[in-house]
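S.K.: Chains as they are written, first to last, in my numbering: chain A, -11 to 215; chain B, 158 to 403. Sending over a structure as structure tokens; questions will come in a sec.
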Amino acid sequence: METLQHIWPPVRLTLELALISTLLLLVLATPLAWWLARSNRAWKEVIATIVSLPLVLPPTVLGFYMLIALGPDGPGGAIANIWGARTLAFTFQGLVIGCILSALPAVVQPIRNAFAAVGDRPLEAAATLRASPWQAFWKVALPLASPGLLSGAVLGFANIVGNFGVVLMIGGNIPGRTRVMSTAIFDYVETMQWREANILAAGMVVFAFVVILSMTLVQKRYARAEA
Amino acid sequence: MRSIVITFGLLSLLFAGPAEAAKTNVAVAANFTEPARAIAARFREKTGHEAVLIFGASGAFFTQITHDAPFDVFLSADDERPRLAVEQGFAVPDSRFTYAIGKLVLWSRVLDVTDGKAALSAGKFSKLAIANPKSAPYGAAAVETMKALSMFDALRSKLVQGNSISQAFQFVDTRNAELGFVALAQLHGVAAGTQWLVPENLHTPIRQDAVLLKRGANDEASKAFLTFLKGPEARAIIESFGYAVE
């Protein structure tokens, strides 16, 4: 019972962080992915590359830049100033920003692919039926691309739950505010609290298994539905 | 014929390596990074042996040592983990000794903390950085200090924890935290900000112990390194970085 009291706050915080960040990610990533899939501009791949950077960079690079950017010398400090704080580091908002940046490629990529797979023809058909581009996007492209959106959401959520490096570097390990599951496990291992570490770690393994399996099953179902 | 000679020559280069010099892998607590580098350099000049330094948090090192990490010598930030290492059979019993006694300072790049007590009780800050008190001795000493000053409950909500004392330093150095408890040794050569040396009666002494691990028990370079660490030359280096020695 007492173990549960220690373990629950980081689990709850992790779920809150992942949920809020994933919702914001969908709002951000969908128009970005649409533009990347549809635009003919030569430099769009430059933008796509910048978005993808966190896939390759170690989380410590992102964490290091975030620590500076969120601090009093960076834009984060300016934003924090609005409500009289000095820094966005060590805050829930700061974690959301860090998690969004590091999960962005995982969300943009499947949505972009899904929009690209929709192709021109359904949109042209919608246009001949006098749908405005806005209507065509909402009523044709988005429903057709929904498996991609679902994949992006699940991958983004999973990416955030698994985030360790960025959170460790900008979080400050504050119980209830920035101490998430991955850093709690790290803590438990360092302080030789094997029992707690075991429970959380086993939970993560089950979670990862369920995510990957359900992704595969969903993709299979969509593939069958299309065929 | 010539090609055979060359081939053998190259092969012997591959296998031989320098005849005398040996290597020892030393796991070093993060707060001791700078002095360890200076000592290893001097050690190499004197003996020809190379001390390969691995820096990290003592807690993490201990866990790794109990899982057969390839370390020969362990320079911990406390005396508890070396003691446990001996007790649990991972280290050579009579090899443990205190190589340095750490000093804790309150450091800030934003506020004037030359009078630390006054700065802490004024509370004109939002974040105070410490190392994780559960795994880092300097963090535990910081908590003890605040408790001794009867300020812990008032300050608790402002605490941010670094995973090691290095991270607590980063938080203060990037000014994300206005002030923090760090090791005096970390401020070696740092001119920025103001500091307050925490009186030693406010916390239990931060005794940093070294121990020879089982893996290095019969290893010439590892034993030589510990002997060198006990010697006058290393002690002078350690003191110059802001530690006390016994």
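All C-beta atoms in this analysis are idealised placements derived from N, C-alpha and C, irrespective of residue type, glycine included. A quick note: this is a predicted structure, and the numbers were derived from the prediction, not measured.
1. Please name the residues in the region 319 to 336 of chain B whose beta-carbon is closer than 9 angstroms to at least one beta-carbon of chain A, in chain order.
2. Is it right to say PRO121 of chain A is buried, meaning 16 or more other beta carbons lie within 10 angstroms of its own, or is it exposed?
3. What do you reckon, are the CB atoms on ALA124 of chain A and PHE195 of chain A nearer than 9 angstroms?
4. Helix, strand or coil: which one does DSSP assign to PHE174 of chain A?
5. Output the residue ranges of the beta strand (DSSP E) runs that lie fully inside the region 135 to 206 of chain A and measure 3 residues or longer, sorted by chain position.
6. Counting only the same chain and skipping the five closest in sequence on each side, list residues whose C-beta sits under 6 angstroms from that of ILE211 of chain B.
7. Ordered along the chain, which non-local residues of its own chain (more than five positions away) have a Cβ less than 8 angstroms from that of ALA393 of chain B?
8. Quick one: which chain A residues come within Cβ less than 7 angstroms of ASN188 of chain B?
9. State whether the region 338 to 345 of chain B contacts the region 239 to 256 of chain B, with contact taken as three or more CB pairs (one from each stretch) at a distance under 8 angstroms.
10. So GLY213 of chain B is in the beta strand (DSSP E); what residue range does that whole segment cover?
11. Going along chain B in order, which residues have a C-beta closer than 7 angstroms to the C-beta of GLY59 of chain A?
12. Could you round the C-beta distance between GLY136 of chain A and ALA102 of chain A to whole angstroms and report it? I think they count as a contact, below 8 angstroms.
13. Check the Cβ-Cβ distances between ASN151 of chain A and every residue of chain B, and say whether any is below 9 angstroms.
14. Of the residues that make up the region 214 to 234 of chain B, which ones have a beta carbon closer than 7 angstroms to any beta carbon in chain A?
15. Quick check on the DSSP output: what are the complete alpha helix (DSSP H) runs of length 4 or more inside the region -11 to 51 of chain A, in order along the chain?
16. So VAL84 of chain A and LEU20 of chain A are supposed to be a Cβ contact under 8 angstroms. How far apart are they, rounded?
17. Please say whether VAL243 of chain B and ALA208 of chain B have beta carbons closer to each other than 9 angstroms?
18. Rank A:ASN161, A:TYR176 and A:ARG212 by C-alpha distance to the C-alpha of THR79 of chain A and give the top, closest one.
19. Short check: CB of PHE338 of chain B to CB of LEU263 of chain B, under 9 angstroms?
20. Enumerate in chain order the residues of its own chain whose CB-to-CB distance from ALA129 of chain A is below 6 angstroms, with the five nearest sequence positions on each side excluded.
21. I'd like to know whether the C-beta atoms of ILE363 of chain B and ASP235 of chain B end up nearer to each other than 9 angstroms.
22. Looking only at C-alpha atoms, which of A:ARG26, A:ALA77 and A:PRO(-2) sits nearest to THR331 of chain B?
23. Strictly below 9 angstroms CB to CB, what residues from chain A border ASN289 of chain B?
24. So what's ALA173 of chain B in DSSP terms, helix, strand or just coil?
25. Is ALA66 of chain A close to chain B, meaning its C-beta is less than 9 angstroms from at least one C-beta of that chain?
26. Would you kindly check if the distance between the Cβ of LEU188 of chain A and the Cβ of ILE173 of chain A is under 9 angstroms?
27. Check whether chain B comes within 9 angstroms of ARG74 of chain A, counting only Cβ atoms and requiring the distance to be less than that.
28. Here's the rule: buried if 16 or more other CB atoms are within 10 angstroms of the residue's CB, otherwise exposed. What is GLU33 of chain A?
29. Assign PRO93 of chain A to buried or exposed, taking buried as 16 or more other Cβ atoms, counted over all protein chains shown, within 10 Å of its Cβ.
30. Select from the region 76 to 98 of chain A all residues with a C-beta closer than 7 angstroms to any C-beta belonging to chain C, and list them in chain order.
31. Taking 9 angstroms as the cut-off, decide whether the C-beta atoms of SER9 of chain A and GLY144 of chain A are in contact.
32. Under 9 angstroms, do ALA179 of chain B and LYS371 of chain B count as touching if we go by C-beta distance?
M.R.: Working from what's here:
1. Cβ contacts with chain A: GLY319, ASN320, GLN324, GLN327, PHE328, THR331, ARG332, ASN333, ALA334 and GLU335.
2. Exposed, since its Cβ has fewer than 16 Cβ neighbours within 10 Å.
3. At least 9 angstroms separates the beta-carbon of ALA124 of chain A from that of PHE195 of chain A.
4. DSSP places PHE174 of chain A in helix when its eight states are reduced to three.
5. The DSSP assignment places no complete run of the beta strand (DSSP E) inside the region 135 to 206 of chain A (cut-off: 3 residues).
6. Within the same chain, ILE211 of chain B has close Cβ partners ALA184.
7. Taken in chain order, the list of residues that qualify is empty.
8. In chain A, no part has a C-beta under 7 angstroms from the C-beta of ASN188 of chain B; the shortest such distance is about 16 angstroms.
9. Result no; under three Cβ-Cβ pairs closer than 8 angstroms.
10. GLY213 of chain B: member of the beta strand (DSSP E) spanning 207 to 213, first to last residue.
11. Simply THR331, ARG332 and ASN333.
12. Yes, GLY136 of chain A and ALA102 of chain A are in contact; Cβ-Cβ is about 2 angstroms, under 8 angstroms.
13. Output row for ASN151 of chain A: interface = no.
14. For the region 214 to 234 of chain B, which is checked against every Cβ of chain A, the residues closer than 7 angstroms are ALA214, GLY216, ALA217 and THR220.
15. Correct list: -10 to 26 and 32 to 44.
16. VAL84 of chain A to LEU20 of chain A, Cβ: 17 angstroms. No contact.
17. Contact: no.
18. Ranking the options by Cα distance to THR79 of chain A, first place goes to A:ASN161.
19. It is a contact, given that the beta carbons lie within the stated cut-off.
20. Within its own chain, the residues whose Cβ lies closer than 6 angstroms to the Cβ of ALA129 of chain A, once the five positions on either side in sequence are excluded, are VAL106, listed in chain order.
21. The beta carbons of ILE363 of chain B and ASP235 of chain B sit closer together than 9 angstroms.
22. With distances taken between Cα atoms, THR331 of chain B lies closest to A:ALA77.
23. Ordered by position in chain A, the residues that pass the 9 angstroms Cβ test against ASN289 of chain B are ASN161, ASP175, GLU178 and THR179.
24. Its pLDDT being 46, under 50, ALA173 of chain B is placed unreliably by the model, and nothing is read from it.
25. With 9 angstroms as the cut-off, ALA66 of chain A does not count as an interface residue toward chain B.
26. Yes.
27. Residue contact with chain B for ARG74 of chain A: present (Cβ-Cβ distance below 9 angstroms to some residue of chain B).
28. With fewer than 16 Cβ atoms within 10 Å of its Cβ, GLU33 of chain A is classed as exposed.
29. By the neighbour-count criterion, in which 16 or more other beta carbons inside 10 Å mark a residue as buried, PRO93 of chain A falls on the buried side.
30. No chain C is part of this structure, whose protein chains are labelled A and B.
31. Using a Cβ distance threshold of 9 angstroms, SER9 of chain A and GLY144 of chain A count as a contacting pair.
32. In this structure, LYS371 of chain B does not lie closer than 9 angstroms to ALA179 of chain B by Cβ.
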